[in-house]
Amino acid sequence: MTESSENLLNHILAKNPGMPREELLTLIEQKKQESHGLLSDEGATRLLAQQLAGLSGEAVNISDQRISSVQAGLSDATISGEILSISQLREFQRSDGSVGKLVRVKLTDG
């Protein structure tokens, strides 16, 4: 877990003193499973920070850049925006024989 995620965990726990750390970690894993692999640890933690601790995007250090400024080659990027549409889940066969899954998400940032 990244330092940023760890800070968010501590902030959530401070706002919810009765919640054990293990319960919070379980909720993070549930969020990731609900997203069918589309959320990272940090993404799931940010969602829970907004839900459980009432933290806005600014409070969890989400950068104020537009989606259009995202460039190819980034190894780690968190995108925040409004979901306009989600396509049907599509499965396909990869060149190595494994099954891949694809879903297209259309976002807007304002």
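Mapping the sequence shown onto the working numbering, position 7 (from 1) lands on 7, and the numbers just tick up by one. Glycine included, C-beta positions come from ideal geometry on N, C-alpha and C. None of these values were measured; they are calculated from a predicted model.
What is the DSSP secondary structure of L84, counted as helix, strand or coil? Position 84 of the sequence shown, counted from the first residue, corresponds to residue 84. L84 falls in the strand class under three-state DSSP.
Measuring only the C-alpha atoms, how far is L48 from I28? Position 48 of the sequence shown, counting from 1, holds the residue named residue 48. Position 28 of the sequence shown, counting from 1, holds the residue named residue 28. For L48 and I28, the distance between alpha carbons rounds to 7 Å.
Do K15 and A72 come within 9 Å of each other at the CB atom, strictly closer than that value? Taking the sequence shown and counting its residues from 1, the one referred to as residue 72 is at position 72. Taking the sequence shown and counting its residues from 1, the one referred to as residue 15 is at position 15. In this structure, K15 does not lie closer than 9 Å to A72 by Cβ.
Between H11 and chain D, is there a C-beta pair that is closer than 9 Å? No chain D is present in this structure, which holds just one protein chain.
Measure the C-alpha to C-alpha separation of S4 and T45 and round it to an integer number of angstroms. Walking along the sequence shown from the start, residue 4 turns up at place 4. Walking along the sequence shown from the start, residue 45 turns up at place 45. Answer to the nearest angstrom: the Cα atoms are 10 Å apart.
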